[in-house]
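Participant: Take this structure first; my questions come after.
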Amino acid sequence: MLVLITVTSLLQAVVFPGTAQAQADRHRAGTFNMQGAPDRWQQGVYSAAKQVDVLALQEVPDAVPPDAELADGAYVHRLTTLAHGFTVERYRWVNCRPPGEPQSSPCIIYRVKTPTRRNRSLAIVVNQPTDAVRAVQVIPPQPVVPGGPVNNAAKPALGILLADGTWFYTLHAQNRPSRASQRNDVPNLISKISADAGSHWAAMGDFNRTPDSLDPLLADNPDLQIVRSGLFTYPVKSPKDEFDYMISNGVTDNQYTGFRLTYLDASDHYPVGFWTSAAPDGHEFRCDPIDAILKARRAACVPPKNPAIVSLGDSYISGEAGRWAGNADTGAHGSAWGTDRAADNCSKSEDECDHDLDTVYGPTSYAPGGTKCDRSDVAPINMTDTDGYPRVPPWRRFNLACSGATTNEITHPYADKGEDAQTNQLADIAKRYQVKMIVVSIGGNDLKFSDIVRSCVKRYVLRLAGCRGVWPDVDKDLVTVRQQVVTALRAVQQTMQTAGYQPKDYNLVVQSYPAPLPRSTDYRYKESGPRYSDGGCPFYDADTDWARQTLVGGLTRELRNAAATVGARFFDLGPAFEGHELCSNRADQASASDTLADPLPVQYAEWVRWIPYLLSSDLLWLSQGDQQEALHPNAYGQEALGECLSQLGGKLESGFGRPATDYTCRNTPVLGIDVEPTKLPTAVHTVG
Numbered sequence: 001m002l003v004l005i006t007v008t009s010l011l012q013a014v015v016f017p018g019t020a021q022a023q024a025d026r027h028r029a030g031t032f033n034m035q036g037a038p039d040r041w042q043q044g045v046y047s048a049a050k051q052v053d054v055l056a057l058q059e060v061p062d063a064v065p066p067d068a069e070l071a072d073g074a075y076v077h078r079l080t081t082l083a084h085g086f087t088v089e090r091y092r093w094v095n096c097r098p099p100g101e102p103q104s105s106p107c108i109i110y111r112v113k114t115p116t117r118r119n120r121s122l123a124i125v126v127n128q129p130t131d132a133v134r135a136v137q138v139i140p141p142q143p144v145v146p147g148g149p150v151n152n153a154a155k156p157a158l159g160i161l162l163a164d165g166t167w168f169y170t171l172h173a174q175n176r177p178s179r180a181s182q183r184n185d186v187p188n189l190i191s192k193i194s195a196d197a198g199s200h201w202a203a204m205g206d207f208n209r210t211p212d213s214l215d216p217l218l219a220d221n222p223d224l225q226i227v228r229s230g231l232f233t234y235p236v237k238s239p240k241d242e243f244d245y246m247i248s249n250g251v252t253d254n255q256y257t258g259f260r261l262t263y264l265d266a267s268d269h270y271p272v273g274f275w276t277s278a279a280p281d282g283h284e285f286r287c288d289p290i291d292a293i294l295k296a297r298r299a300a301c302v303p304p305k306n307p308a309i310v311s312l313g314d315s316y317i318s319g320e321a322g323r324w325a326g327n328a329d330t331g332a333h334g335s336a337w338g339t340d341r342a343a344d345n346c347s348k349s350e351d352e353c354d355h356d357l358d359t360v361y362g363p364t365s366y367a368p369g370g371t372k373c374d375r376s377d378v379a380p381i382n383m384t385d386t387d388g389y390p391r392v393p394p395w396r397r398f399n400l401a402c403s404g405a406t407t408n409e410i411t412h413p414y415a416d417k418g419e420d421a422q423t424n425q426l427a428d429i430a431k432r433y434q435v436k437m438i439v440v441s442i443g444g445n446d447l448k449f450s451d452i453v454r455s456c457v458k459r460y461v462l463r464l465a466g467c468r469g470v471w472p473d474v475d476k477d478l479v480t481v482r483q484q485v486v487t488a489l490r491a492v493q494q495t496m497q498t499a500g501y502q503p504k505d506y507n508l509v510v511q512s513y514p515a516p517l518p519r520s521t522d523y524r525y526k527e528s529g530p531r532y533s534d535g536g537c538p539f540y541d542a543d544t545d546w547a548r549q550t551l552v553g554g555l556t557r558e559l560r561n562a563a564a565t566v567g568a569r570f571f572d573l574g575p576a577f578e579g580h581e582l583c584s585n586r587a588d589q590a591s592a593s594d595t596l597a598d599p600l601p602v603q604y605a606e607w608v609r610w611i612p613y614l615l616s617s618d619l620l621w622l623s624q625g626d627q628q629e630a631l632h633p634n635a636y637g638q639e640a641l642g643e644c645l646s647q648l649g650g651k652l653e654s655g656f657g658r659p660a661t662d663y664t665c666r667n668t669p670v671l672g673i674d675v676e677p678t679k680l681p682t683a684v685h686t687v688g
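The numbers in the UniProt record's numbering rise by one with no breaks, and the one at position 412 of the sequence shown is 412.
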């Protein structure tokens, strides 16, 4: 018998044979946020897809698996364009298939790209031996308030209809405004799904709000229920929120429940699986289950403690200014001549673009709703490579640093940004992983470096006397900073000791700050108006040399002494940007011929973000970015610092367990980035 399924104009109408009764809990399902990384296909999705029939994916990268190919199905074409303009792609993923099935039975990937957002698509992987999907659907982005405007960050929901009449959806909700106010687009997305999908459906994904916050939705819709693990799923480095779960209509089995798949740590979200189980030992899989025993009681396991590396501290290691690949003296509406990595959905000329800060900073950006920690995708810890850390894949390189942090935020919560103490976050990681290195950048904010810079800049712009005399107590302040850094480092060591580590088990590295400005003799601009209006580097020559020698040099000295006091290694980054400092006569800005596809090459660019608008937000490059990015390593600078850390890792691996050696990273015209042991008098290390 044939049954005709009629759906709204948003659906593809199909004809399919009647089968078993529709019911979400007849299917093993799962959800996984891929964090936009192509390597998650093999490192996370493949493993999760083997355990379920239907796997909902969020933040899907633009690149599909290399062995995936567009292919028509019996009911759904390779490309299905729906009435509202969205196109659903159907891929045959050759080497992902149900266990025991032949090569001819691969997984099928259904994907819809999200408008204006790179690497933030939605997809569903179906892992069944037959062509089980009869139709596809896309729910357009929904407003937070019914009838209100649709936020540019809002995403659609992708649905598939299985042969038994059950709809499965994947969704990725907007970020909640705050922990106190979790209002987002979930209720309207669910309302639209419920209206279109009928009585048997399940929506899985990253809801960006806790299940308990949806109690009013459940009260108004008694047929709905939330299927959850009851465990925190985000962020992996220090889980504190349950964002990943299922909302379903038509579940009848009260033992259909959620499980956090803790053994899959390849993203910032843990995957969650949904199936029927009495769950005698909790709602978590800490080890990779064997397919044959997954449906039965799980065997006891001891999860491995895989190696990890961690960065702590402030904006110079969190990734502040990672949005920018160089500087460009042009407007803010477009790609800024190929330098704005947050630019997306650009016009052909790139004079007009949308700007998505999440592309660079994720939920930690300075955009409304972000934490302003500005942890970038190219932060130094993320740019380390497997040569330096061969056993540490990208998802086990944890960035706990936060822009604006002082030594106080190492050991205390950063309340203004909703961040727990960095040592508390470190403790969580140290329990679950084998931490091999902790690199710390701290002290600049304790010295009030940004206030000093701001005073120097404004005195230049207003043509007042230099700033050196405004800060007569810098030498005394530097000693205080050293003492504060020593206290913070000892707290880090105590955290590791409490977690069961001995000093020989890991490397504690204290890094200094790269000099952001050139020597006064190496400026590209004379000491006049264009130094600011064209170059974005408004500093007097004398202030510049003072900043390099007294501020950066003095802070380097005291950080080195602090490291020696606690027995940590010191990593001098002072000369790492040599020749690529802001306004250096050996570097240049981007020009109108540079684009996102063909940007200014790193070897010619400045590696430091310039000083943007100061006296008026309407002047000077039309307010590109944010002031807090100023004078920080840009994307190119962060990549260089990542190379510094990679080479340091190689040195430490080869000399692990030997007496402590300090290292210096410098940029040279011949070798480029090069790390070598620091050559200093022994007396430097005797300061207590």
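C-beta atoms are modelled at their ideal positions from N, C-alpha and C, and glycine is treated no differently.
So, for A296: in the same chain, excluding its five sequence neighbours on each side, which residues have a beta-carbon less than 7 Å away from its beta-carbon?
Facilitator: Sequence index remark: in the sequence shown, residue 296 carries index 296 (1-based). Since pLDDT at A296 reaches only 47, below the 50 mark, its modelled position is unreliable, and no value is offered.
Participant: In chain order, what residues of the same chain have a beta carbon less than 6 Å from the beta carbon of L508, not counting five sequence neighbours either side?
Facilitator: Residue numbering aside, residue 508 sits at position 508 when the sequence shown is read from its first letter. Taken in chain order, the residues that qualify are I438, A568.
Participant: Which value, in whole angstroms, describes the spacing of the CA atoms of D53 and G205?
Facilitator: Walking along the sequence shown from the start, residue 53 turns up at place 53. Walking along the sequence shown from the start, residue 205 turns up at place 205. Their backbone Cα atoms lie some 15 Å apart in a straight line.
Participant: In this structure, how does DSSP classify Q494 when only helix, strand and coil are distinguished?
Facilitator: As a first step, residue 494 must be located in the sequence shown, where it is residue number 494. Helix at Q494.
Participant: Is R375 buried or exposed, if buried means 16 or more other CB atoms sit within 10 Å of its CB?
Facilitator: Taking the sequence shown and counting its residues from 1, the one referred to as residue 375 is at position 375. With 16 or more Cβ atoms within 10 Å of its Cβ, R375 is classed as buried.
Participant: In whole angstroms, what is the alpha-carbon distance linking S268 and S533?
Facilitator: In the sequence shown, residue 268 corresponds to position 268, counting from 1. In the sequence shown, residue 533 corresponds to position 533, counting from 1. Going by the sequence as given, residue 268 is Asp instead of Ser. The alpha-carbon atoms of D268 and S533 are separated by roughly 41 Å.
Participant: Count the other CB atoms within 10 Å of the CB of A123; is the residue buried (16 or more) or exposed (fewer)?
Facilitator: Here residue 123 corresponds to residue number 123 of the sequence shown, with the count starting at 1. Answer is buried; the Cβ neighbour count reaches 16.
Participant: Assign Q638 to buried or exposed, taking buried as 16 or more other Cβ atoms, counted over all protein chains shown, within 10 Å of its Cβ.
Facilitator: Within the sequence shown, the letter at position 638 stands for residue 638. With 16 or more Cβ atoms within 10 Å of its Cβ, Q638 is classed as buried.
Participant: Measuring only the C-alpha atoms, how far is P146 from P363?
Facilitator: Indexing the sequence shown from 1 puts residue 146 at position 146. Indexing the sequence shown from 1 puts residue 363 at position 363. Going by the C-alpha atoms only, they are around 24 Å apart.
Participant: I need the straight-line Cα distance from A343 to D598, nearest angstrom please.
Facilitator: Taking the sequence shown and counting its residues from 1, the one referred to as residue 343 is at position 343. Taking the sequence shown and counting its residues from 1, the one referred to as residue 598 is at position 598. Cα to Cα, A343 sits roughly 14 Å from D598.
Participant: Out of curiosity, what's the CA-to-CA distance linking S347 and F86?
Facilitator: The count along the sequence shown starts at 1 and reaches residue 347 at position 347. The count along the sequence shown starts at 1 and reaches residue 86 at position 86. In a straight line, the C-alpha of S347 is about 20 Å away from that of F86.
Participant: Whether or not the segment 405 to 417 and the segment 377 to 386 are in contact is what I'm after, with contact meaning three or more pairs of Cβ atoms, one per stretch, closer than 8 Å; do they touch?
Facilitator: The answer is no - the segment 405 to 417 does not touch the segment 377 to 386, with fewer than three Cβ pairs under 8 Å.
Participant: Under 6 Å Cβ to Cβ from S213, same chain only, skipping five residues before and after it: list those, please.
Facilitator: As a first step, residue 213 is located in the sequence shown; it is residue number 213 there, counting from the start. Taken in chain order, the residues that qualify are Q182.
Participant: Could you name the residues of the same chain whose beta carbon sits closer than 7 Å to that of Y46, not counting the 5 residues immediately before and after it, in chain order?
Facilitator: For the purposes of this step, residue 46 is identified with residue 46 of the sequence shown, where counting begins at 1. The answer, listed in chain order, is C96.
Participant: Count the other CB atoms within 10 Å of the CB of H84; is the residue buried (16 or more) or exposed (fewer)?
Facilitator: Translated into the one-based positions of the sequence shown, residue 84 becomes position 84. H84 comes out exposed.
Participant: Residues in its own chain within less than 6 Å of G554 by CB, not counting five upstream and five downstream?
Facilitator: Walking along the sequence shown from the start, residue 554 turns up at place 554. Within the same chain, G554 has close Cβ partners L478.
Participant: Judging by CA-CA distance, which residue of L489, E578, L645 is the nearest neighbour of G388?
Facilitator: Taking the sequence shown and counting its residues from 1, one reaches residue 388 at position 388. Closest by alpha carbon: L645.
Participant: Which residue marks the beginning of the beta strand (DSSP E) containing W275, and which one marks its end?
Facilitator: For this step, residue 275 is matched to residue 275 along the sequence shown. Per DSSP, W275 belongs to the beta strand (DSSP E) from 272 to 276.
Participant: Would you call the segment 135 to 144 in contact with the segment 68 to 81, where contact means no fewer than 3 C-beta pairs closer than 8 Å?
Facilitator: Verdict: yes, contact present.
Participant: Based on the DSSP secondary-structure assignment, which residues constitute the bridge partners of I438?
Facilitator: In the sequence shown, the residue the question calls residue 438 occupies position 438. Paired residue(s): V310, L508.
Participant: Is there a C-beta anywhere in chain C that falls below 8 Å from the one on H172?
Facilitator: Judged by its chain identifiers, the structure shown contains no chain C, having just a single protein chain.
Participant: Just tell me which of S178, R92, A157, R179 has its CA closest to the CA of Y169.
Facilitator: For this step, residue 169 is matched to residue 169 along the sequence shown. It is A157.
Participant: Give me whichever residues DSSP pairs with I673 in a beta bridge.
Facilitator: Looking up residue 673 in the sequence shown gives position 673. According to DSSP, I673 bridges with N667.
Participant: Could you please give me the residues that DSSP links to I247 through a beta bridge?
Facilitator: Residue mapping note: residue 247 aligns to position 247 of the sequence shown, counting from 1. I247 is bridged to A203, I226.
Participant: Closest by CA to D626, which one among D340, Y263, P211, F232?
Facilitator: On the sequence shown, position 626 is the one that residue 626 refers to. Taking only the C-alpha atoms, the option nearest D626 is D340.
Participant: Quick one: grab the DSSP three-state call for F656.
Facilitator: Numbered from its first residue, the sequence shown carries residue 656 at position 656. With a pLDDT of only 45 at F656, under the threshold of 50, the placement of this residue in the model should not be trusted, and no figure is reported.
Participant: DSSP three-state call for L517: helix, strand or coil?
Facilitator: Numbered from its first residue, the sequence shown carries residue 517 at position 517. The answer is coil: DSSP assigns L517 none of H, G, I, E or B.
Participant: Go through its chain and collect everything with a Cβ distance to E527's Cβ below 6 Å, but skip five positions before and after it.
Facilitator: Counting from one through the sequence shown, the residue named residue 527 turns up at place 527. Counting only Cβ-Cβ distances below 6 Å, and skipping sequence neighbours, we find D541.
Participant: Taking Cβ to Cβ, would you say C583 is nearer than 8 Å to R531?
Facilitator: Here the question's residue 583 lines up with position 583 in the sequence shown. Here the question's residue 531 lines up with position 531 in the sequence shown. Yes. Within cutoff.
Participant: From D354 to E629, what distance separates their C-alpha atoms?
Facilitator: Locating residue 354 in the sequence shown gives position 354, counting from the first residue. Locating residue 629 in the sequence shown gives position 629, counting from the first residue. Spanning the two alpha carbons is a distance of roughly 19 Å.
Participant: Taking just the CA atoms, how far does A24 sit from V251?
Facilitator: By one-based count along the sequence shown, residue 251 stands at place 251. By one-based count along the sequence shown, residue 24 stands at place 24. If I take the Cα positions, the gap works out to 6 Å.
Participant: Out of Q255, D253, Y501, G273, which one is the CA nearest neighbour of L261?
Facilitator: One-based indexing of the sequence shown puts residue 261 at position 261. If we check each option's Cα against that of L261, G273 comes out closest.
Participant: Tell me which same chain residues have a C-beta within less than 7 Å of the C-beta of V425, skipping the five on either side of it?
Facilitator: To locate residue 425, count along the sequence shown from 1; it is residue 425. It is Gln, not Val, that sits at residue 425 in the sequence shown. Within the same chain, Q425 has close Cβ partners K237, S238, L400.
Participant: Taking all protein chains shown into account, do 16 or more other C-beta atoms lie within 10 angstroms of the C-beta of E69, making it buried, or fewer, making it exposed?
Facilitator: Translated into positions along the sequence shown, residue 69 becomes position 69. With fewer than 16 Cβ atoms within 10 Å of its Cβ, E69 is classed as exposed.
Participant: Whose CA, out of Y263, A592, G258, T80, lies closest to the CA of G282?
Facilitator: Along the sequence shown, read from residue 1 onward, the residue named residue 282 stands at position 282. It is G258 whose Cα lies nearest to the Cα of G282.
Participant: Would R117 be called buried (16 or more neighbouring beta carbons within 10 Å of its own) or exposed?
Facilitator: Working through the sequence shown from its first residue, we reach residue 117 at position 117. With 16 or more Cβ atoms within 10 Å of its Cβ, R117 is classed as buried.
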